[in-house]
Amino acid sequence: MLKQHLETLIPKWREEIGAINKEHGNKVISEVNIGQAYGGMRGVKAMICDTSEVPPDKGLIIRGIPVAQLTDKLPEEVLYLLLTGELPDKKSLKGLQDDLQARSKVPAYVWKTLEAMPKDSHPMVMFNTAILIMEKESLFRKRYDEGMKKTDYWVPTLEDSLNIIAKLPAIGAGVYRMRFKKGPRIAAKKGLDWAANYAHMLGIKDKTGELANLMRLYMVLHSDHEGGNVSAHACHCVGSALSDPYYAVSAGLNGLAGPLHGLANQECLGWVLMVHEKFKGVPSDQELRQFAWDTLQSGKVIPGYGHAVLRITDPRFDAFRAFGKRVMGDDPVFQIVDKVFEIVPKVLVEQGKAKDPWPNVDAGSGALLYHFGLKEFSYYTVLFSISRAMGMCSQLVVNRGLGIPIERPKSVPTAWIKKQLAAAPPPVM
Ligand code: NMX
Ligand code: MLT
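Under numbering that gives the first Met the number 0, residues 0 to 428 are what the sequence shown spells out, in order.
If you want it as structure tokens, here you go:
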């Protein structure tokens, strides 16, 4: 059903962007200065992403819907939205859920490989290895080798993407149980939705059902964040070489594993727990202020704060905070997160370096997981990965549908910059 729907949408999208390109291809939408070329291309509008956008003053908007309005949706609904631009009706949702369930069995060789890995491997390495070794299953590669035509590229990209996404909850939960010696893997339960099944397979007691709710929320909030973030961009860049989704998603997740990106969630809880340990509970405002300054003065960043695009409190942080207030308002670790939110932006403003002093998505999520007993925080980026795979895969499918070519921006050496500066007329005084 999803595929049939995309079969009607993709030719229309292709036609539309073809016409825009033909008529307005030369219109300038962005300029690049030297600071941006040396500064991580911040703010340069140089790529298209139709699955979501992140206006600096609003935060994540998925296909026209602000993320705050999607917090009661299932991740499967958001996946459908990312891919098609529409929320599914009941029948389409059931169709997608059944399809994911039918694709969810993880090949035995994946488990054997993970078992053979060093016992102290980082969970992200285990998770990503599992995805990469499944590359031999790629239908995109098979059909490409058979000579499929260009306009069909998106079809096996969708197949590979659904095959990957369907297996991630079982792989993620398997990595957790294996890496942290939690006992044998737990089989999926029929009838549970994608995120609730993940919570079930982790094997953490969930008497109230709130852990399953948190997983649903977590998977919705991290699913996509336009095209320029490190993981989406790495995935897009690798995918643009027509590397199949197994290669491309794996590349994206290697980027997510960096401490300035997805790994910040593990670092963030580590920082909050250091505060908890040092002050034996919730510190006073002054103690926390000093702790934040000590972190900055030791040359470190305060994890979970700042953003390359956002200039407001991340609405995804707001959503997690609202969940925390509802479910665990009396938990001291959550209370520290709340106090950090009060104090740290003021400290960052006072320091005057960070362009965005506000919390990002990683500032609070760890404390919520910790509350439910998921205390192994080196695992947290795996959760982010399970969710972000939905956005990365959706972007791959849409970009293949639109026929976006191989990515190849132009770099220049510093000598070229110096030459331009020497040739430039002196500034008018
Ligand atoms: N704590 C201390 N310093 C900071 C912080 C922070 N949280 N955020 C930015 N700065 C510094 C930054 O290091 C830079 O310093 P310098 O000039 O000495 O190099 C200066 O402020 C200007 O940086 P910005 O232009 O504001 O930030 P940029 O766009 O380069 O980087 C982040 C964005 C997110 C990488 C940065 O804010 C950061 O390192 N935050 C902490 C890590 C984090 O939370 N990452 C998670 C991002 C979200 N995610 O989910 O992926
Ligand atoms: C994300 O969700 O990818 C992060 O907020 C980082 C970003 O957008 O650059």
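Ideal Cβ placement from N, Cα and C applies to all residues, glycine included.
Quantities reported herein were computed from a predicted structural model and do not represent experimental measurements.
- Rounded to a whole number of angstroms, what is the C-alpha to C-alpha distance between R178 and M125? Reading the sequence shown from its first residue, position 179 is the one you call residue 178. Reading the sequence shown from its first residue, position 126 is the one you call residue 125. Cα to Cα, R178 sits roughly 9 Å from M125.
- Message: Measuring straight from C-alpha to C-alpha, what distance separates S230 and L255?
- Response: The residue labelled residue 230 in the question sits at position 231 within the sequence shown. The residue labelled residue 255 in the question sits at position 256 within the sequence shown. When rounded, the distance between both Cα atoms is 5 Å.
- E52 bridges to which residues according to DSSP? Position 53 of the sequence shown, counted from the first residue, corresponds to residue 52. I60.
- Return yes when at least one heavy atom of the ligand NMX lies under 8 Å from the C-beta of Y304, else no. If you number the sequence shown from 1, residue 304 lands on position 305. Yes, Cβ of Y304 sits closer than 8 Å to a heavy atom of the ligand NMX.
- Task: Assign Y369 to one of three DSSP states: helix, strand, or coil.
- Result: As a working note, residue 369 is residue 370 in the sequence shown. It is helical.
- Could you spell out where the alpha helix (DSSP H) holding Q68 opens and where it closes? By one-based count along the sequence shown, residue 68 stands at place 69. It is not in any alpha helix (DSSP H) - Q68 carries neither H nor E in the DSSP assignment.
- May I ask whether a heavy atom of the ligand NMX can be found less than 8 Å away from the beta carbon of Q289? Residue 289 sits at position 290 when you count from the first residue of the sequence shown. No; taking the cut-off as 8 Å, the Cβ of Q289 has no heavy atom of the ligand NMX nearer than that.
- What did DSSP end up calling Y245 once you bin it into helix, strand or coil? Counted from its first residue, the sequence shown places residue 245 at position 246. It is helical.
- Query: CB L92 to CB E75, shorter than 9 Å?
  - Reply: Taking the first residue of the sequence shown as position 1, residue 92 is located at position 93. Taking the first residue of the sequence shown as position 1, residue 75 is located at position 76. Yes, Cβ-Cβ distance for L92 and E75 is below 9 Å.
- Query: From this set, V77, L347, A169, N228, which residue's C-alpha is nearest R288's C-alpha?
  - Reply: Reading the sequence shown from its first residue, position 289 is the one you call residue 288. Closest option to R288, Cα to Cα, is L347.
- Query: Taking 8 Å as the cut-off, is the CB of S267 close to at least one heavy atom of the ligand NMX?
  - Reply: Within the sequence shown, residue 267 is the residue found at index 268, counting from 1. Here the sequence assigns Cys to residue 267, which means Ser is not the residue at that position. At a threshold of 8 Å, C267 counts as near the ligand NMX, since its beta carbon sits closer than that to one of the ligand's heavy atoms.
- Message: Looking at the ligand NMX, does it come within less than 8 Å of K299, judged from the CB to the closest heavy atom?
- Response: Locating residue 299 in the sequence shown gives position 300, where the first residue counts as 1. Flag set: Cβ of K299 near the ligand NMX.
- Item | Sequence-distant residues of the same chain with beta carbon closer than 7 Å to S160, five excluded per side | Here residue 160 refers to the residue found at position 161 of the sequence shown. Only P244, C392, L395, V396 meet the Cβ criterion.
- Message: Using the three-state DSSP reduction, which class does Y217 fall into: helix, strand or coil?
- Response: Walking along the sequence shown from the start, residue 217 turns up at place 218. Y217 falls in the helix class under three-state DSSP.
- Message: Between the alpha carbons of G257 and A263, how many angstroms are there, rounded?
- Response: Taking the first residue of the sequence shown as position 1, residue 257 is located at position 258. Taking the first residue of the sequence shown as position 1, residue 263 is located at position 264. When rounded, the distance between both Cα atoms is 8 Å.
- Touch check for the stretch 327–347 and the stretch 83–99: three-plus C-beta pairs under 8 Å? No, they do not touch.
- Query: Exposed or buried, V31, counting other C-beta atoms within 10 Å across all chains shown (16 or more means buried)?
  - Reply: If you number the sequence shown from 1, residue 31 lands on position 32. So V31 counts as exposed.
- Query: By the 10 Å Cβ neighbour count, where 16 or more other Cβ atoms means buried, how is A265 classified, buried or exposed?
  - Reply: The residue labelled residue 265 in the question sits at position 266 within the sequence shown. Per the sequence shown, the amino acid found at residue 265 is Gln instead of Ala. Result: buried.
- Item | Close-in-space but distant-in-sequence residues of the same chain around A291 (CB under 7 Å, 5 per side omitted) | Taking the first residue of the sequence shown as position 1, residue 291 is located at position 292. Excluding positions up to five away in sequence, the list reads I301, I342, V343, V346.
- Identity of the residue in L157, E145, E134 nearest Y246 by Cα: For the purposes of this step, residue 246 is taken as residue 247 along the sequence shown, with counting starting at 1. It is E134 whose Cα lies nearest to the Cα of Y246.
- Query: Mapping DSSP to helix, strand and coil, what is Y152?
  - Reply: If you number the sequence shown from 1, residue 152 lands on position 153. Coil, per DSSP.
- Message: Quick check on G238 - is its C-beta less than 9 Å from some C-beta in chain B?
- Response: Any reference to chain B falls outside this structure, which holds one protein chain only.
- Message: Is H235 near the ligand MLT - that is, is its Cβ less than 8 Å away from at least one heavy atom of it?
- Response: Reading the sequence shown from its first residue, position 236 is the one you call residue 235. No, the Cβ of H235 stays beyond 8 Å of every heavy atom of the ligand MLT.
- Rounded to a whole number of angstroms, what is the C-alpha to C-alpha distance between E22 and E14? Translated into the one-based positions of the sequence shown, residue 22 becomes position 23. Translated into the one-based positions of the sequence shown, residue 14 becomes position 15. If I take the Cα positions, the gap works out to 12 Å.
- Hey, would you say the C-beta of R310 is under 8 Å away from at least one heavy atom of the ligand MLT? On the sequence shown, residue 310 is found 311 positions in, with the first residue counted as 1. Closer than 8 Å to some heavy atom of the ligand MLT: that does not describe the Cβ of R310.
- Query: Is Y217 near S364, with beta carbons less than 9 Å apart?
  - Reply: Taking the first residue of the sequence shown as 1, we reach residue 217 at position 218. Taking the first residue of the sequence shown as 1, we reach residue 364 at position 365. Result yes, Cβ atoms of Y217 and S364 sit closer than 9 Å.
- Query: Is the closest heavy atom of the ligand NMX to the C-beta of D293 under 8 Å?
  - Reply: To locate residue 293, count along the sequence shown from 1; it is residue 294. Short note on D293: C-beta not closer than 8 Å to any heavy atom of the ligand NMX.
- Query: So, helix, strand or coil for P282, using DSSP?
  - Reply: Taking the first residue of the sequence shown as position 1, residue 282 is located at position 283. Secondary structure at P282: coil, using DSSP grouped into helix, strand and coil.
- Taking only runs that begin and end inside the stretch 280–355, name each unbroken alpha helix (DSSP H) of 4 or more residues, in chain order. Every alpha helix (DSSP H) stretch that sits fully inside the stretch 280–355 and reaches 4 residues is listed by chain position as 284–296, 314–327, 331–350.
- Task: Spatial neighbours of P183 within its chain, please: CB distance less than 8 Å, with the 5 preceding and 5 following residues excluded, ordered by chain position.
- Result: The residue given as residue 183 occupies position 184 in the sequence shown. Excluding sequence neighbours, P183 sits near R176.
- Item | Environment of G226 [buried if 16+ CB atoms lie within 10 Å] | The count along the sequence shown starts at 1 and reaches residue 226 at position 227. With 16 or more other Cβ atoms within 10 Å, it is buried.
- Opposing strand residues paired with P358 [DSSP bridges]: As a first step, residue 358 is located in the sequence shown; it is residue number 359 there, counting from the start. DSSP output for P358 lists Y304 as bridge partner(s).
- Message: Using C-beta distances below 8 Å, list every residue in its chain close to F371, excluding the 5 sequence neighbours before and after it, in chain order.
- Response: Numbered from 1 along the sequence shown, position 372 holds the residue referred to as residue 371. These residues qualify, in order along the chain: I203, D205, E209, L210, L213.
- Contact check, F383 vs H221, beta carbons under 9 Å: Walking along the sequence shown from the start, residue 383 turns up at place 384. Walking along the sequence shown from the start, residue 221 turns up at place 222. With respect to H221, F383 sits close: the two C-beta atoms are nearer than 9 Å.
- Item | E145: first and last residue of the uninterrupted alpha helix (DSSP H) it sits in | If you number the sequence shown from 1, residue 145 lands on position 146. Element bounds for E145: 138–145.
- Query: Ends of the alpha helix (DSSP H) at T207?
  - Reply: As a working mapping, residue 207 is identified with position 208 in the sequence shown. DSSP places T207 in no alpha helix (DSSP H); its state is neither H nor E.
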